[in-house]
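Residue numbers (numbering that gives the first Met the number 0): 0 to 309. Heads up, the thing below is written out as structure tokens.
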Amino acid sequence: MADGPTLNPAQLRTLDLLRRSADPLVFDPELVVELRETMLEALAHFADRLDGDTLFVTKHTLASVHGCEANFMVPDDFAWSPAAARGQVAHKAIQLMLNWRGEPTPRALVDDALARLADGDDHFGRWIAGLSPGDEAELRGFAVERVTNFSEAFPPLDWRSNPKTEAAAQFPVDGPILLRARVDLTLGKIEGQESRRVIVDLKTGRVTPRHREDLRFYALVESLVWHVPPRKLATFYLDSAEPMVEEVTEGVLRAAVQRTLDGIHRIVQLRREGHQPGRRAGPTCRWCQLASDCAEGRQYLDGGDVDEVE
Ligand code: SF4
């Protein structure tokens, strides 16, 4: 983060949580070699079982199959709403803010983000372009609040730390099964074998264990691609303007390998080998197409414990 401006207490807290310790963090290079070999061997095995099919594995894929398999197998017909779209718009505006010259206001950033998203040739872009004035105003208000929270709780970036937004990473370079990550914000540059990078994921809504698993998957892909693991993972909650941080350890990386391979194994079983999907009630029930006929989902929803879209 940059020297110079006086930081407020929230920015100091974020800076303190993300700061590098005095002792350099260096993982055994053999660990990454082993993780890469394990993944490549397992992916080759799963590719045989896919029988010519292809699979992109993302944090959403894994969270979905590890959440409720019945929901995972239903074709996605998600319907956007201002509340559901606030995170997407805020993320785009923050991405612009981090690369903008000068000091734009959150309102100007959100307006620019909305205009760019509305130009997109995808379902979300068409939905943004067709918003009624009332829905657009509601969405703008949601997003401006979160961009303001980020700007007031995240320290100004030091460009010497090579900050990257929406950085894509993929492992392996080619093949029928690809692990893909797109990280909201990466800070720090790789120096030899020393782990210096911090991976930051921006979230709206409440804290869930899924968010930690998302970041562990990112840490795994980063390690496989760059041969050097990141040092720290941070979920930055835009609603509360506070990061939750996890140090990267060998155990974190091994847990991510296991969860990733378990997820791919289950996807192959469900999609190619005729296994019956299980049902697991949780926040997903709130927008699941199967909820009206699902006893587990109804019971969960009647209990009133629901979450919000990220
Ligand atoms: S309602 Fe909940 S438990 Fe039932 S299928 Fe959907 S996500 Fe699964």
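Where is the CB? At the ideal position from N, CA and C, for every residue including glycine.
Take residue i as the anchor and find which of the options has the nearest alpha-carbon.
i           : options               : result
residue 35  : 280, 68, 226 and 112  : 226
residue 258 : 16, 59 and 43         : 59
residue 91  : 201, 14 and 24        : 201
residue 69  : 182, 134, 297 and 288 : 288
residue 186 : 207, 72 and 232       : 232
residue 116 : 133, 94, 260 and 104  : 94
residue 48  : 271, 249, 286 and 37  : 271
residue 16  : 234, 297, 73 and 252  : 234
residue 242 : 294, 23, 221 and 198  : 198
residue 102 : 13, 194, 4 and 11     : 4
residue 310 : 253, 291, 247 and 293 : Outside the displayed range of the chain (0 to 309) lies residue 310, so it cannot be described from this structure.
residue 219 : 190, 207, 209 and 250 : 250
residue 7   : 153, 210, 292 and 146 : 153
residue 174 : 76, 39, 253 and 205   : 39
residue 189 : 222, 128 and 180      : 222
residue 205 : 195, 240 and 182      : 240
Which partner residues of residue i appear in the DSSP bridge assignment?
i           : result
residue 347 : Residue 347 lies beyond the range of the chain shown here (0 to 309); nothing can be said about it.
residue 198 : 185 and 232
residue 169 : 179
residue 164 : 184
residue 193 : 25 and 190
Spatial neighbours of residue i within its chain, please: C-beta separation below 6 Å, excluding the five flanking residues on both sides.
i           : result
residue 300 : 284
residue 64  : 71, 262, 265 and 266
residue 215 : 251 and 255
residue 274 : 268
Taking DSSP as the reference, what is the three-state secondary structure of residue i?
i           : result
residue 304 : Residue placement at residue 304 cannot be trusted, given a pLDDT of 49 that sits under 50; the coordinates are not used to answer.
residue 227 : coil
residue 256 : helix
residue 392 : Residue 392 falls outside the range modelled here, since the chain spans only 0 to 309, and no answer is possible.
residue 17  : helix
residue 60  : helix
residue 108 : helix
residue 272 : coil
residue 34  : helix
residue 310 : In the structure displayed, the chain extends from 0 to 309; residue 310 sits before or after that span and is not available.
residue 77  : coil
residue 54  : strand
residue 137 : helix
residue 102 : coil
Who are the Cβ neighbours of residue i in its own chain at under 7 Å, not counting the five residues just before and after it?
i           : result
residue 192 : 25, 28 and 227
residue 304 : Annotation note: pLDDT 49 at residue 304 (below 50); position unreliable, coordinate value reported separately. So no residue of the chain qualifies.
residue 124 : 116, 117 and 118
Answer with yes or no whether the minimum CB distance from residue i to chain D is below 9 Å.
i          : result
residue 42 : You won't find chain D in this structure, because it holds only one protein chain.
Output needed for residue i: all residues of its chain with C-beta closer than 8 Å, excluding positions within five of it in sequence on either side, in chain order.
i           : result
residue 106 : 139 and 143
residue 263 : 41, 42, 45, 54, 56 and 176
residue 97  : 156, 162, 164 and 184
residue 159 : none
residue 147 : 105
What is the rounded straight-line gap between the Cα of residue i and the Cα of residue j?
i           : j           : result
residue 150 : residue 162 : 15 Å
residue 67  : residue 269 : 12 Å
residue 10  : residue 171 : 37 Å
residue 126 : residue 32  : 44 Å
residue 282 : residue 207 : 10 Å
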